[in-house]
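J.: The structure that follows is given in the form of structure tokens.
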């Protein structure tokens, strides 16, 4: 099965601040090299950043400017993407093959972006070739797999009576996880950049690409306790542990009885429905341009996304609405900026409604959807397959307003029904949407034979990647790009191409277009 990791990241630790003049800068130099790692006890080649696996944390504050000079010392091209960072007006820093030429071996590139009006926990990862697909057959916490039997050093130490913030991200490539802490409750306070209503949970389902922040109080007897992460919705359950130690524990070992994981899809869906946006939190919020009142904005367009799988010329491919994305030698954003898009790709390769005839037929080409700047849209994700799906949209946060009804989902799973009703969306479903306090976030899971609906405003100009977070599906074509062009071509809406941008493909020797201006 695909490798999965659960990482505790202190990336982009945010707090309110008074800004006077230009916001602060944080500078980093990262050297990318190969190295030997043994996450499951077996030595293998991995990719290191400054000799570290996992890579360095970035501790930042809302509105900081992040400058990271990345030196590629590998023998292959390399790119980094910053999952969940909205890059307002700046898809040039997105770090995916549709927007950036990869960093050639032996060269460097400096990423420069601002975490504008953002709080929360995020992660970065490589997007080129199979750089992210090491595929260990197990679960990792912070790059390690627990040995158990009292042989593990503590990952964290807590002082009695103190409350700690833990940041939990599923940065794996295939499998949903459940996370829990032996003997301790977790108060959820943040999810993918949004403050949440502070409900208390004994365990949390964390789907691929998702991040949570929880508060944990050291209020138990002084000894060791296990953190537990285990796979969800898999035939064989993979589990790992890590130790939390009380500072005054005097070496008292953790109990060998681990807290049990939940069972079933309905439990997971019920937990999802309990997540609510904290509308009274006094801090930075995503989507600052009026989206707080998303429930009162008229929908201008509905786009239905259906994932599928088939074979093309005998090779496995995954698709969106019948199109399996292929990367071009010239990044789509560069082709658009240089005015040669017609030589690289076609707009609107898919319809807003997926085809009803020949649904299993898949074509291979760059998959680009043209969107109108500042339109308020509804996107429906229908998952007609028997496994869970997870979707992510770069450059945006969105509002998940609905999923299948719990009773419909139970019916589906229990009787394996192929009925058209439970797993299909229809306009009548809008009457049950949450139009008040859906959590603004950037990933959404879609359960088997089910659907999910999201709202968002295309108010961030650029070329943005919508993709499956399951690496095999993404790598084999289950992604597309959304082109959001500002008619004004103004710096008010989008930044110019950076002077240090790598050029490749057909634009490599073309004269640089005139820059945007105010």
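Numbering (our numbering), first residue to last: 4 to 521.
Glycine residues also receive a C-beta, built at the ideal position from the N, C-alpha and C atoms.
A quick note: this is a predicted structure, and the numbers were derived from the prediction, not measured.
1) Looking only at DSSP bridge pairs, what is residue 454 linked to?
2) Can you find the residues in the same chain that come closer than 6 Å, C-beta to C-beta, to residue 279, ignoring five residues on each side of it along the sequence?
3) Less than 7 Å between the C-beta atoms of residue 469 and residue 396, yes or no?
4) State the DSSP-derived secondary structure class of residue 552, mapped to helix, strand or coil.
5) Just to confirm the assignment, what range does the alpha helix (DSSP H) spanning residue 263 have?
6) Do the CB positions of residue 214 and residue 271 come within less than 7 Å of each other?
7) DSSP state of residue 271, grouped into three classes?
8) Write down the C-beta distance between residue 466 and residue 453 rounded to the nearest angstrom, noting that I regard them as a contact closer than 8 Å.
9) Does the segment 341-356 come within contact of the segment 251-267, defined as at least 3 CB pairs closer than 8 Å?
10) Can you name, in chain order, every residue of its own chain whose Cβ lies under 8 Å from the Cβ of residue 261, other than the five neighbours on each side?
11) Between the beta-carbon of residue 176 and the beta-carbon of residue 474, is there less than 7 Å?
12) Rounded to the nearest angstrom, what separates residue 100 and residue 381 at their Cα positions?
13) Which stretch, first to last residue, makes up the alpha helix (DSSP H) that contains residue 475?
14) So, do the segment 245-255 and the segment 159-166 have three or more beta carbon pairs nearer to each other than 8 Å?
15) Quick one: what does DSSP say residue 344 is sitting in, helix, strand or coil?
16) What separation, rounded to the nearest whole angstrom, lies between the Cα atoms of residue 294 and residue 173?
17) Does residue 354 come out as helix, strand or coil in the three-state DSSP assignment?
18) What did DSSP end up calling residue 417 once you bin it into helix, strand or coil?
19) Tell me where the beta strand (DSSP E) around residue 230 begins and ends.
20) If you run the structure through DSSP and keep just helix, strand and coil, what is residue 33?
21) Less than 7 Å between the beta carbons of residue 472 and residue 212, yes or no?
22) Mind reading off the beta-carbon distance from residue 102 to residue 336? Whole number of angstroms is fine, and I expect it under 8 Å.
23) In whole angstroms, give me the CA-to-CA distance for residue 444 and residue 95.
24) Please state whether DSSP places residue 436 in a helix, a strand or coil.
25) The ligand GDP heavy atoms versus the CB of residue 272: any closer than 6 Å?
26) Leaving out five residues on either side along the sequence, give the residues of the same chain with a beta carbon under 7 Å from the beta carbon of residue 40.
27) By the 10 Å Cβ neighbour count, where 16 or more other Cβ atoms means buried, how is residue 307 classified, buried or exposed?
28) Note the first and the last residue of the continuous beta strand (DSSP E) segment covering residue 492.
29) Taking a contact to mean a Cβ-Cβ separation below 7 Å, would you say residue 236 touches residue 179 in this structure?
30) To the nearest angstrom, report how far apart residue 204 and residue 503 are at their CA atoms.
31) Do three or more CB pairs link the segment 104-113 to the segment 493-512 at distances below 8 Å?
32) Give the C-beta separation of residue 217 and residue 189 to the nearest angstrom, bearing in mind that I take them to be a contact with Cβ-Cβ under 8 Å.
33) Let me check understanding here. Comparing Cα to Cα, which of 171, 82, 250, 277 lies closest to residue 442?
34) For residue 73, list the residues DSSP reports as bridge partners.
35) Tell me whether residue 350 is buried or exposed, calling it buried when 16 or more other Cβ atoms sit within 10 Å of its Cβ.
36) Expressed to the nearest angstrom, what Euclidean distance is found between the alpha-carbon atoms of residue 23 and residue 87?
T.: For this structure:
1) 385
2) 200, 440
3) yes
4) Coverage of the chain is limited to positions 4 through 521, which leaves residue 552 absent and any answer about it impossible.
5) Run containing residue 263: none; DSSP gives neither H nor E here.
6) no
7) Of the three classes helix, strand and coil, the one that applies to residue 271 here is helix, per DSSP.
8) In fact, because the Cβ distance is near 29 Å, the residues do not count as touching under 8 Å.
9) no
10) 185, 229, 231, 242, 244
11) yes
12) 26 Å
13) The continuous alpha helix (DSSP H) containing residue 475 extends over residues 474-478.
14) yes
15) helix
16) In this prediction, residue 294 has a pLDDT of 47, which is less than 50 and means its spatial position is unreliable; nothing more can be read from the coordinates.
17) coil
18) Legend: pLDDT at residue 417 = 38, less than 50; position of this residue unreliable, value from coordinates given subsequently. Helix, per DSSP.
19) Residues 227-234.
20) Residue state, collapsed to three classes: strand.
21) yes
22) 4 Å
23) 21 Å
24) coil
25) In terms of ligand content, the structure shown is empty, and the ligand GDP therefore cannot be addressed.
26) Only 47, 49, 56 meet the Cβ criterion.
27) buried
28) From DSSP, residue 492 is part of no beta strand (DSSP E); its letter is neither H nor E.
29) yes
30) 46 Å
31) yes
32) 4 Å
33) 277
34) For residue 73, which the question treats as bridged, DSSP gives the partners 33, 112.
35) Per the 10 Å Cβ criterion, exposed.
36) The pLDDT assigned to residue 23 is 44, lower than 50, so where the model puts this residue is not dependable; a value taken from the coordinates is nonetheless given after this. Roughly 26 Å between the two C-alpha positions.
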